[in-house]
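K.L.:
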Amino acid sequence: MVSAGFGAGLIAGGILMIRVKPRHPLRLGMAGMLVSAPMFVCLALVPHTLTTAAAAFLVGLGFELFGIGWETALGQHIPLDQISRVASYDMLGSFIASPIGQLAVGYLAAVLSIKAVELYGRHRPPPDSPGNPRRPLRLAPPTPHHQLVLRSSAARSPGRGAELRPPRTSPGSRF
63 MVSAGFGAGL IAGGILMIRV KPRHPLRLGM AGMLVSAPMF VCLALVPHTL TTAAAAFLVG
123 LGFELFGIGW ETALGQHIPL DQISRVASYD MLGSFIASPI GQLAVGYLAA VLSIKAVELY
183 GRHRPPPDSP GNPRRPLRLA PPTPHHQLVL RSSAARSPGR GAELRPPRTS PGSRF
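To convert, note that position 56 of the sequence shown is 118 in the working numbering; the numbers rise steadily by one, no gaps.
What follows is the structure, given as structure tokens:
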């Protein structure tokens, strides 16, 4: 649902930018990026699927406003003989910044103790408590009674590539 909300926001932002011709497209794009903040507040304070999907719609809308505004500003203000070089540096910076930000966010959250992370942690019961609706599912450890044995391609019949067989054990082994 959250991804669908994000996608719907992207579509709505594209349709909106077809209809609207702003005088300053980059200003509108930067304003669109401000609209993405409620998503993160929503994740920290109100972890409900519908609320998060609505916030994801706003993020998609804002991202599309920014993307179209940015590309329009580049096309309007960069000479044609330099546009490929500027676009290349733009993409390089974007592709480098994304993984660096993804690597840094966990460390910064741990070091800086971001308020939203603290609030989320205080309002939730511990993961193993019976009152937590998002309690992790505990699976039994795998038993060594069966193993996956792949047959050779010469002995394989059409449509069958593997079968379960009990392992070969010596008479004195535990398993």
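Here a beta-carbon is modelled for each residue, glycine too, at the ideal position from N, C-alpha and C.
1) Around the C-beta of F68, are 16 or more other C-beta atoms found within 10 angstroms, so that it is buried, or is it exposed?
2) Answer with buried or exposed for I130, where buried requires no fewer than 16 other C-beta atoms within 10 angstroms of its C-beta.
3) Within 10 Å of its beta-carbon, does F102 have 16 or more other beta-carbons around it, so buried, or fewer, so exposed?
4) Give me the Cα-Cα distance between I145 and G137, rounded to the nearest whole angstrom.
5) Could you check whether the segment 85-94 touches the segment 113-127, counting it as contact only if at least three pairs of C-beta atoms, one from each stretch, sit closer than 8 Å?
6) What is the DSSP secondary structure of R81, counted as helix, strand or coil?
7) From the DSSP output, in three-state form, read off D143 for me.
8) Taking C-alpha atoms, which residue in A135, A117 and L120 lies nearest to R85?
9) Closest to F119 by CA distance: which of H139, C104 and W132 is it?
10) When the Cα of S98 is compared with those of A116, E133 and P141, which residue comes out closest?
P.N.:
In terms of the structure at hand:
1) Position 6 of the sequence shown holds residue 68. Classification for F68: buried.
2) Your numbering for residue 130 matches position 68 in the sequence shown. By the 10 Å Cβ count, I130 comes out buried.
3) Position 40 of the sequence shown, counted from the start, is the residue given in the question as residue 102. The residue is exposed, with fewer than 16 neighbouring Cβ atoms inside 10 Å.
4) For the purposes of this step, residue 145 is taken as residue 83 along the sequence shown, with counting starting at 1. For the purposes of this step, residue 137 is taken as residue 75 along the sequence shown, with counting starting at 1. If you take the alpha carbons of I145 and G137, they lie about 8 Å apart.
5) yes
6) Numbered from 1 along the sequence shown, position 19 holds the residue referred to as residue 81. Reduced to three states, the DSSP call for R81 is helix.
7) For the purposes of this step, residue 143 is taken as the residue at position 81 of the sequence shown. It is coil, neither helix nor strand.
8) Along the sequence shown, one-based indexing puts residue 85 at 23. The residue with the shortest Cα to Cα distance from R85 is A135.
9) For the purposes of this step, residue 119 is identified with residue 57 of the sequence shown, where counting begins at 1. Selected option, being the one with the closest Cα: C104.
10) The sequence position of residue 98 within the sequence shown is 36, counting from 1. When each option's Cα is compared against that of S98, the closest is A116.
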